[in-house]
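Protein chains: 2
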Amino acid sequence: MTKWVYTFGNGTAEGRADMRNLLGGKGANLAEMASIGCPVPPGFTITTEACTYYYQNNKAYSPELKEQVLNGLKGVEASMGKKFGDAENPLLFSVRSGARVSMPGMMDTILNLGLNDQTVEGLAKASGNPKFAYDSYRRFIQMYSDTAMGVDIHKFEAVLDRVREENGYKHDNEMTVEQLKDVIAEYKKIGIAEGKPVPQDVYEQLWGAIGAVFGSWMSERAIFYRKLNNIPADWGTAVNVQTMVFGNSGDNSATGVCFSRDAATGENYFYGEYLKNAQGEDVVAGIRTPQQISKIGNERRHLTLPCMEEEFPEVYKQLCDIRKKLETHYKDMQDMEFTVENGKLFMLQTRNGKRTGLAALKVAVDMVHEGLITKREAVTRVEPGHLDQLLHPMFDKSAQRDVMAQGLPASPGAAVGQIVFNAADAEQQAAEGKKVVLVRVETSPEDIAGMHASQGVLTARGGMTSHAAVVARGMGIPCVSGVSDLRIDYAAQTLTAGGVTLKAGDMISLDGTTGQVMRGALPLRDPEMAGDFGEFMGWVDEIKHLVVRANAETPKDADTARKFGAEGIGLCRTEHMFFDPSRINHMREMILAKTEADRRQALDKLLPYQRNDFVQLFKIMEGLPVTIRLLDPPLHEFLPHKLAEQEEIAKELGVTVEEIQARTAQLHEANPMLGLRGCRLAVVFPEICEMQTRAIIEAALEVSAQGIKVVPEIEVPLISSKKELEICKKIIDETAEKVFAEKGQKVEYLVGTMIELPRAALLAGEIAEIADFFEFGTNDLTQTTLGMSRDDAGSFLPKYVEKGIYDRDPFQSLDTNGVGKLIAMACKDGAATNPNIYLSICGEHGGDAASIMFLNKYLKGVSCSPYRVPLARLAAAQAAVKAKKA
Amino acid sequence: MTKWVYTFGNGTAEGRADMRNLLGGKGANLAEMASIGCPVPPGFTITTEACTYYYQNNKAYSPELKEQVLNGLKGVEASMGKKFGDAENPLLFSVRSGARVSMPGMMDTILNLGLNDQTVEGLAKASGNPKFAYDSYRRFIQMYSDTAMGVDIHKFEAVLDRVREENGYKHDNEMTVEQLKDVIAEYKKIGIAEGKPVPQDVYEQLWGAIGAVFGSWMSERAIFYRKLNNIPADWGTAVNVQTMVFGNSGDNSATGVCFSRDAATGENYFYGEYLKNAQGEDVVAGIRTPQQISKIGNERRHLTLPCMEEEFPEVYKQLCDIRKKLETHYKDMQDMEFTVENGKLFMLQTRNGKRTGLAALKVAVDMVHEGLITKREAVTRVEPGHLDQLLHPMFDKSAQRDVMAQGLPASPGAAVGQIVFNAADAEQQAAEGKKVVLVRVETSPEDIAGMHASQGVLTARGGMTSHAAVVARGMGIPCVSGVSDLRIDYAAQTLTAGGVTLKAGDMISLDGTTGQVMRGALPLRDPEMAGDFGEFMGWVDEIKHLVVRANAETPKDADTARKFGAEGIGLCRTEHMFFDPSRINHMREMILAKTEADRRQALDKLLPYQRNDFVQLFKIMEGLPVTIRLLDPPLHEFLPHKLAEQEEIAKELGVTVEEIQARTAQLHEANPMLGLRGCRLAVVFPEICEMQTRAIIEAALEVSAQGIKVVPEIEVPLISSKKELEICKKIIDETAEKVFAEKGQKVEYLVGTMIELPRAALLAGEIAEIADFFEFGTNDLTQTTLGMSRDDAGSFLPKYVEKGIYDRDPFQSLDTNGVGKLIAMACKDGAATNPNIYLSICGEHGGDAASIMFLNKYLKGVSCSPYRVPLARLAAAQAAVKAKKA
């Protein structure tokens, strides 16, 4: 019989932290906490497999599940000495989702489950706090109706609003017991009117809640979040049914969220926020401004409200012990939720804390220094994608800051953009290419797509653990939250702070590291490479096996590449050099030439430019390898397509417009991606290949003569057979020999090929016989293997990712099943016939962490854009750690 | 030590018939004939490997070759009792090329080698025939200068012309010895003036001749012929050095070519032509009109010159015995060359005779009836490509024939076209889409490309074995040769015969089966399927394993397919049905629709048309399987691109031109081949798939109700993953269930997929789990695997075939190394997870014999255009025979 339910509580548990896939992150850690003696309210976890079963069986539960849930429930009743549905002293539950990975705010939760018209009275009596009991019942009906019954939440809020207004209340907690009872009566009427009353039977409530959690897995916002974070739909969610403890049962109660270190900066002090007399969702919702856990937290954030260390010193001490215990146990920064019920501390959750790139780096480096983790562990603690944050521009420190408001530094980094006031505008304007900053009173899960499209997020309300703060940190975008001074008028589309009013479209700057908000667009500057970053990247380079090079053509790119630690140039696209205004017309002259002789004449004019390009690159790279790809794109890309341009070029080149048009028409292709390009150009027009080879070899000789070792690597693109490479290699070798003879000097050089067509991958064994290196051009290889044009896929690819046909955009992250299989075959076959062959990839996937993880065991190197080099180095190190473990 | 030289003669030989790859066809058969006791002049063969060595070593001979040639030569001297270069009684040689396969007229030959100023006198004395000796010397100088020295042949002909004119001679053989000596003196002057005299040293002559034969392998015309016939360049040619025998040594000498059966019709009688007092090339050149070998030959051709049976009865009897011996030995129709020297018969060559498709079929069927070969052998005796000839239209027998001339029926079939008078015009006009008939006095190897471009060939001179006749038969195009009544005026661009004058561009009709030439364009009709053809195809179907279906959408195609023996429809391209004028606008309405509801409305209008299409197909196919592919092309293909059309459509559909243009622009794709098409349409617009499924299922139910069993096979195109097929299959299954519920009836149906993307082939194992069948769409699979657009490859593919990068156009014949490897993998993986899966291909390669030969072991079926079905059946049978042998 499958075990669908795992119990925990009372210092013991059936689950463990490493059962995250089965129990979800929350369930696994509840079990672990219970096992190591943390005060966890008892409960049980329904496995993710039950969720998968549910969706595979047309939303039906496994028959065995019912019995196991009831057994679990009986266990909790026994341990608590209370009965579920007991009219005198009822046992109440929270029902929470918990997937393998945290999906903050995405999943539904139901609290206070087990309350009905009878048990609420029992709760009132047993707690001696009727207001707390009826408020809990009200909250339960509202949550359950929304989550399990699908009733519009606004109908309930309208009732509350009316009661508040009628009585002039600012907060819900000002309501009297009678008023709460009236509210409950009205709530029930809404349910009846909608045909969706909340069941009085507590077991019916329980099953409804379990179904609601499973259902929330397939909610639109959950699907969107999964898409954004590449989480497969078939993982499913677990359900945690846990004894309720009440942070809202009086002023000796509280609830809070804390981090074992500062999640924004990584600094090693106890950071957290709590609310007195509140339930957990009140903290996350950001409606009330929370207080700090520790004095140092107040210091760091320049806050003045009393902190827990002062208000609950005993509980704070207990919490500090647990902080230490959990961090030592998990050897990572923890993100914990707790509740204090009448002075008694309960832990409701722990998990490895989400953190900014800055914090991840600092925590990793500090923990190595503290002896808590090894360097190998440390390199796995920073997400490669988060390095981006450290490499992205910062505000120039010398720039004058016109600070109009101060908020919480909720997610670090500098953001500059035009103000938008809702998520839809953010998405739309970003799609038009504008840089925007999203400004909201507070954010909610519906805003996620808009946040993702923004440079940064600014909110008037909410703490460091509010929705805006958590999500922005996850996305790696800057956020300033809780700017209490900020007034937003959605109708007028304006914001006001510090006496300044800005309207939609105005420029604004956010410093997510300090919490400052500035009018206008502040100047940005490059980030620092030293300190913790430098130390950490040193470990990365010690550990990784893959060589990381950069794609670069210009001296600027080459400089950047070296600054970011590139070990050479892996791809120099020579065609980029032809688009320079000083050269493009020679190129066009070559294309328009009617005879080989005329073509050679035009090529002779291009030669000095090309040679000089390579001289510069070789000098900057100072002996590091440089792979130079021969001309690749179809020739028509170089011709002007607009009449005005054609006329201008015609005049400059002394030809007629008709000639230009005729040649353009002649070169037109139905599918240029699959046309006359790559090495096909060299086969049809060998003189182009000759000129480029000459430029490379002459440049290499010139720079070698200056004492810099140069071994140029000449790369032939779009090969589909050995014979084709043979023909091109012959042109290259003969040209090189000719140059050597002319100059009376020789230089070593390599000849290799792009593998970017399926046929080349299939025949890699024989091609490798005459290639010094293979570089997988995974952009084109993806296009041909999947039969999918990157330029055209926009009309269907989003639908494909949405429907799960591809887990991720295959142009961003390697399609390991298809393209990856081809690469694996080609590497094996290539190395079999040529054991010394250098195997690498270039293109988008060379800078994608997941792709590098997959390719690590097949390749010797990757090449990516200069800005992604640190990411690729880190991903390579993580792959090496993983490979050693396996 | 490598053996480079193989001797033959005197009833023994070092080689054998099965050593064709090493000795070439001619050499292998000379050896075989010598072994079985035919009178073969002794000689030796230099292997094809020596040729390959020559080209791989920068045109140098292997050092061992010289010694082996000299040894071979000594052997011949010993056996003949003559010495090479002997001034008294010189031994002379012919030097002939001989590749693995016959390349008629393509390769150079040198006769009378060993003559010089001394030996010619010896030959004159020894033969007692000075005129013969000096004529032989003259011929030798002319041939050698042309072939080995590269002197312009016309300079020699000018000398002959002048002598003929000065003396009023009609034929060269009227020249006196003194005149011949003068001619020789002038020939030598030409050689000296050009700096290319013929060497007097006979060994120097021999090596020059061997080099010339090797050189002729790389001549332009040889390269063209190889390209046309898919012969790899690296096969090389052998060189046959053989004792000269002289058919021109007097009136008791002769030379001829004969076939053991009629090569044009296949009829079993001894057919051949000879010339008295002539050398072999005189027969082939077609300058003198040859005489028939046999009386029956005269009868069949309505000729009256005396035949060999009458003029050389003894020799004829010997030849008949040899005919019998060789045909029984080789069990195939033989094409033999012989020479009679002073009444003594010598066999110079035998080989399996080239024949027309008609003859191939008849010979194969007759030989089975004669007990000479088995049915399995018989099916290998007809080239699949030649079936074409039997299936191509014939002249309507009832049509009035305006016969203007009678010639030889040199290559059977009916040709209608506009007259052109040279090969270049033929090529150019054919490229413009015109049908042309090439009319020449005689053809030469330079005309091959023009012949290939023509519907038929008409020549004034030449027999059944003339260049025109042999080449036309090889190409399968009709030819009438030797129309002695025909006068051609190249300058005026006219031809005259039977009192009628036609000019270039006029229509003419040729009957290659009867030799008739008719003015105007005669009506054509479909060929017969019964008789020998029917019997033969019966054997084919007994032997083959592959199922052969046809690609067909229209009732006409389906009818043709059945007539040609298709076992079902393997590919019904539904989009072809949408281009019908009555429907295209509904299709456009669908594409222009802005909402799903509007799209559905337009689709509803298309539904009855589609349903009716399928009803018709199911009825015609009477229970044979029908595979229907869902909509495949990108939608923009259905929209008009010209303004006038757009305006018209806008009016008809009640939309603005701007709307049409906007939608067209929206649908525009950079690489439509790799864009929104195939199953991607079904994923994005499921309603299209629903409509098509409904049409198919409703039609199947309707036809089933009439008692015809229908199991429609629904095919999803452009699949790249299992999930994609799952999504499409779900739409299909749900629609089918809906129709079943509506109609209260069910019908069995299959759902399968095209495999036309490399990724689909790579993931075939998992895709097969839910597919009833795979059909490899090798057109698209070739485009994506090779990264080569069929529409655009014209700019480089010819160069690629020329340079040997691809042996053949990969769109015509499957790229077995690349695409074939993918198919083999996919078949293996697919069958592993789904042993019952039906594996087939469709597209161009389904009707290509070489592709079928390769695919036979992987597939269960092929599908091709209706006209290629017989070819595919035959190729499948040949593949089965070959597979059993292996």
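Note that the protein sequences, when read in sequence, are chains A and B.
Positions 482 to 1367 (the working numbering) are the ones given, in order, by the first sequence.
Positions 482 to 1367 (the working numbering) are the ones given, in order, by the second sequence.
Don't be surprised by glycine CBs; every beta carbon is placed ideally from N, CA and C.
Which listed residue (the options) has its alpha carbon closest to that of residue i
{"i": "T1266(A)", "options": "C1323(A), L1303(A), G692(A)", "result": "L1303(A)"}
{"i": "T977(B)", "options": "V998(B), Q1264(B), C801(B)", "result": "V998(B)"}
{"i": "A905(B)", "options": "V922(B), D928(B), A895(B), Q899(B)", "result": "D928(B)"}
{"i": "E822(A)", "options": "A1274(A), I1169(A), Q1082(A), P522(A)", "result": "P522(A)"}
{"i": "Q1264(B)", "options": "I1286(B), G1285(B), D1296(B)", "result": "D1296(B)"}
{"i": "V860(B)", "options": "G524(B), K843(B), E1103(B)", "result": "K843(B)"}
{"i": "P1198(A)", "options": "D1113(A), A1222(A), K651(A)", "result": "D1113(A)"}
{"i": "L1003(A)", "options": "A895(A), P1036(A), M1102(A)", "result": "A895(A)"}
Residue interval of the beta strand (DSSP E) (run including residue i)
{"i": "A580(A)", "result": "574–580"}
{"i": "F1014(B)", "result": "Careful: F1014(B) lies outside any beta strand (DSSP E), inside the alpha helix (DSSP H) at 1012–1024."}
{"i": "V1096(B)", "result": "V1096(B) -> not in any beta strand (DSSP E); alpha helix (DSSP H) instead, spanning 1077–1102."}
{"i": "T1314(A)", "result": "From DSSP, T1314(A) is part of no beta strand (DSSP E) but of the alpha helix (DSSP H) over 1300–1314."}
{"i": "K757(B)", "result": "752–757"}
Cα-Cα separation, residue i to residue j
{"i": "A607(A)", "j": "N570(A)", "result": "6 Å"}
{"i": "L546(A)", "j": "D682(A)", "result": "19 Å"}
{"i": "I426(A)", "j": "V1191(A)", "result": "This structure gives no information on residue 426(A), because the portion of chain A shown stretches from 482 to 1367."}
{"i": "I1177(A)", "j": "C1209(B)", "result": "52 Å"}
{"i": "R1110(B)", "j": "P1291(A)", "result": "27 Å"}
{"i": "T590(A)", "j": "R577(A)", "result": "5 Å"}
{"i": "L829(A)", "j": "Y750(A)", "result": "21 Å"}
{"i": "V796(B)", "j": "D847(B)", "result": "27 Å"}
{"i": "V1350(A)", "j": "F1045(A)", "result": "6 Å"}
{"i": "M1306(A)", "j": "M1058(A)", "result": "34 Å"}
Which of helix, strand or coil DSSP assigns to residue i
{"i": "T529(B)", "result": "helix"}
{"i": "R857(B)", "result": "helix"}
{"i": "Y706(A)", "result": "helix"}
{"i": "Y618(A)", "result": "helix"}
{"i": "L786(B)", "result": "coil"}
Terminal residues of the alpha helix (DSSP H) in which residue i lies
{"i": "A1367(A)", "result": "From DSSP, A1367(A) is part of no alpha helix (DSSP H); its letter is neither H nor E."}
{"i": "Q881(A)", "result": "From DSSP, Q881(A) is part of no alpha helix (DSSP H); its letter is neither H nor E."}
> Do the segment 861–871 of chain A and the segment 881–888 of chain A touch if we need at least three Cβ pairs shorter than 8 Å?
Replying inline: no
> Any chance the segment 1127–1142 of chain A sits against the segment 1157–1169 of chain A, with 3 or more Cβ pairs inside 8 Å?
Replying inline: no
>> Closer than 8 Å is the cut-off here; do at least three beta carbon pairs connect the segment 822–837 of chain B with the segment 952–965 of chain B?
In response: yes
>> Quick check: the segment 1140–1158 of chain A against the segment 1177–1192 of chain A, are at least 3 beta-carbon pairs closer than 8 Å?
In response: no
> Counting Cβ pairs, one atom from each stretch, are 3 or more of them under 8 Å apart for the segment 715–734 of chain B and the segment 524–543 of chain B?
Replying inline: yes
> Are the segment 1331–1342 of chain A and the segment 1026–1034 of chain A touching, with three or more C-beta to C-beta distances below 8 Å?
Replying inline: yes
> Any chance the segment 772–782 of chain A sits against the segment 738–756 of chain A, with 3 or more Cβ pairs inside 8 Å?
Replying inline: yes
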